[in-house]
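Chemist: In this note's numbering, the protein residues as written are 151 to 275.
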């Protein structure tokens with residue numbers, strides 16, 4: 151009986167070590183992949199809700215479908231090429247063109263957020 155009990159303890163010890171190693175591996179992998187996933191901005195979210203760091207929602211002026219609002223001079227953005235949107239935002243961020251609101255919003259967006267919003271808008275029809 152003593153041998154049997156000792157063998158079971160050794161076997162359980164191996165299983166526990168394997169479980170600890172598996173838990174450690176999952177934790178390490180998660181630590182490196184979670185920040186990368188969290189850093190990917192969502193263009194649709196930014197367009198509809200702002201970026202949480204100063205850029206108000208684009209949809210507030212351009213409409214939830216990015217169809218524009220001629221009464222306030224907000225142009226249609228849906229379906230424009232990415233490059234056109236990025237270029238316009240870069241000009242606004244540099245204080246060239248647009249109004250004070252657009253300049254402020256463009257300055258508040260990070261390059262990754264600008265890319266995400268431009269990609270989202272160009273995908274709309």
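Glycine residues also receive a C-beta, built at the ideal position from the N, C-alpha and C atoms.
Is it buried or exposed for residue 205, if we count other Cβ within 10 angstroms and need 16 for buried?
Modeler: buried
Chemist: So who's on the other strand from residue 203, going by DSSP bridges?
Modeler: As far as DSSP is concerned, residue 203 takes part in no beta bridge.
Chemist: For the alpha helix (DSSP H) holding residue 220, just list the boundary residues, first then last.
Modeler: It is not in any alpha helix (DSSP H) - residue 220 carries neither H nor E in the DSSP assignment.
Chemist: To which residues of the same chain is residue 216 closer than 6 angstroms at the C-beta, ignoring the five residues directly before and after it?
Modeler: The answer, listed in chain order, is 227, 228, 271, 274.
Chemist: Considering only C-alpha positions, which residue in the set 177, 269, 213 is nearest to residue 223?
Modeler: 213
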